[in-house]
Amino acid sequence: SQQGEEDPQALSIQEGENATMNCSYKTSINNLQWYRQNSGRGLVHLILIRSNEREKHSGRLRVTLDTSKKSSSLLITASRAADTASYFCATDGSGGGADGLTFGKGTHLIIQP
Amino acid sequence: EAGVAQSPRYKIIEKRQSVAFWCNPISGHATLYWYQQILGQGPKLLIQFQNNGVVDDSQLPKDRFSAERLKGVDSTLKIQPAKLEDSAVYLCASSPGTPGVPWNFGPGTRLTVT
Numbered sequence: 004s005q006q007g008e009e010d011p012q013a014l015s016i017q018e019g020e021n022a023t024m025n026c027s028y029k030t031s032i033n034n035l036q037w038y039r040q041n042s043g044r045g046l047v048h049l050i051l052i053r054s055n056e057r058e059k060h061s062g063r064l065r066v067t068l069d070t071s072k073k074s075s076s077l078l079i080t081a082s083r084a085a086d087t088a089s090y091f092c093a094t095d096g097s098g099g100g101a102d103g104l105t106f107g108k109g110t111h112l113i114i115q116p
Numbered sequence: 061e062a063g064v065a066q067s068p069r070y071k072i073i074e075k076r077q078s079v080a081f082w083c084n085p086i087s088g089h090a091t092l093y094w095y096q097q098i099l100g101q102g103p104k105l106l107i108q109f110q111n112n113g114v115v116d117d118s119q120l121p122k123d124r125f126s127a128e129r130l131k132g133v134d135s136t137l138k139i140q141p142a143k144l145e146d147s148a149v150y151l152c153a154s155s156p157g158t159p160g161v162p163w164n165f166g167p168g169t170r171l172t173v174t
């Protein structure tokens, strides 16, 4: 079963605008990761936020984590056409690093030029 | 460093045929995972290896899927016989096995069963 659920399932915005994607999960986690997947390609790691962190930045990416609500958000600022991709959140369960990552269904982001 | 390698990149077979996928993880990564990603869905874990031992294969359809990781390095995933619903991208990932360290995914093998 899939732990995370991304929202929205699809998002289309104009280049230069900000894109926000949300992720909700069900069980306790060690950390939460966001991945990007371009069409027909593998998954690329974007950012990891640990369960004791609330916010993390990496370039144009900002991730927040609210463990009380079991939710996370990914913000991409000043979007570019190259950001068009599917974005997945994945949780690493509290069983430790030996657990597999559990992925949501993803948000398909389209950046219109 | 070289990434996770997978082959073939694409495969088309008829139902009831057999197919095998190969994965070469990043050197030194103890943990290796196989994921199945059906179109429009997120990846689903099939099997997890720690070195050459299986840690979790609870979601592997063992009547038709098998996987091995010889000598704790390369891994193969086999489907025999294939069904139409096996059409998906099969992703291999590796990690050092340390909590909080990002994983590395291969480019995947796109399987089409006709």
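If you're matching them up, the sequences are chains A and B in order. Its first residue numbered 4, the first sequence is counted upward by one per residue in the working numbering. Its first residue numbered 61, the second sequence is counted upward by one per residue in the working numbering. The beta carbon of each residue, even a glycine, is placed where N, CA and C say it ideally should be. Only a predicted model underlies this, so the values are computations on that prediction, with no experimental measurement involved.
Mind checking residue i: buried by the 16 CB within 10 Å criterion, or exposed?
| i | result |
| --- | --- |
| R129(B) | buried |
| G99(A) | With a pLDDT of 44 at G99(A), under the threshold of 50, the modelled position of this residue cannot be trusted; read the value that follows with caution. So G99(A) ends up on the exposed side. |
| R39(A) | buried |
| E74(B) | exposed |
| T1(A) | What the structure shows of chain A is the stretch from 4 to 116, and residue 1(A) is not part of that stretch, so it cannot be assessed. |
| H111(A) | buried |
| G45(A) | buried |
| G160(B) | exposed |
| Y150(B) | buried |
| Y70(B) | exposed |
| D95(A) | buried |
| I98(B) | exposed |
| D86(A) | buried |
Less than 8 angstroms between the C-beta atoms of residue i and residue j, yes or no?
| i | j | result |
| --- | --- | --- |
| C83(B) | G157(B) | no |
| A142(B) | Q77(B) | yes |
| S147(B) | V173(B) | yes |
| L78(A) | R65(A) | yes |
| S27(A) | S89(A) | no |
| Q138(B) | S154(B) | According to the sequence displayed, residue 138(B) carries Lys and not Gln. For K138(B) and S154(B), no; Cβs fall outside 8 angstroms. |
| N164(B) | G132(B) | no |
| Q101(B) | G168(B) | no |
| G107(A) | E9(A) | yes |
| I117(A) | S54(A) | Chain A is shown only over 4 to 116; residue 117(A) falls outside these bounds and no answer can be derived. |
| P162(B) | L51(A) | yes |
| G19(A) | S76(A) | no |
| L106(B) | L120(B) | yes |
| F109(B) | S135(B) | yes |
So is residue i in contact with chain A if we call contact Cβ pairs under 8 angstroms?
| i | result |
| --- | --- |
| F125(B) | no |
| L99(B) | no |
| P159(B) | yes |
| G168(B) | yes |
| L120(B) | no |
| P141(B) | no |
| L137(B) | no |
| P162(B) | yes |
| L151(B) | yes |
Would you say the beta carbon of residue i comes nearer than 7 angstroms to a heavy atom of the ligand FMN?
| i | result |
| --- | --- |
| S154(B) | Among the components modelled here there is no ligand, and therefore nothing to report on the ligand FMN. |
Is there a Cβ from chain B that is less than 8 angstroms from the Cβ of residue i?
| i | result |
| --- | --- |
| K73(A) | no |
| L112(A) | no |
| L104(A) | yes |
| D86(A) | no |
| D95(A) | yes |
Tell me which residues of the segment 29 to 45 of chain A have at least one Cβ-Cβ distance to chain B shorter than 9 angstroms, keeping chain order. The residues in question are N33, N34, Q36, Y38, Q40, G43, R44 and G45.
When Cβ atoms are compared, which residues of the segment 45 to 66 of chain A fall closer than 7 angstroms to chain B? When C-beta distances to chain B are compared with 7 angstroms, the residues of the segment 45 to 66 of chain A below that value are G45, L46, H48, L51 and R53, in chain order.
Of the residues that make up the segment 103 to 116 of chain B, which ones have a beta carbon closer than 7 angstroms to any beta carbon in chain A? With the criterion set as a beta carbon lying under 7 angstroms from some beta carbon of chain A, the members of the segment 103 to 116 of chain B are P103, L105, Q108, Q110, V115 and D116, in sequence order.
Listed from N- to C-terminal order along the chain, which residues in the segment 81 to 96 of chain B have their beta-carbon within a distance smaller than 9 angstroms of any beta-carbon of chain A? Contact annotation: in the segment 81 to 96 of chain B, residues whose CB is within less than 9 angstroms of a CB in chain A are T91, Y93 and Y95.
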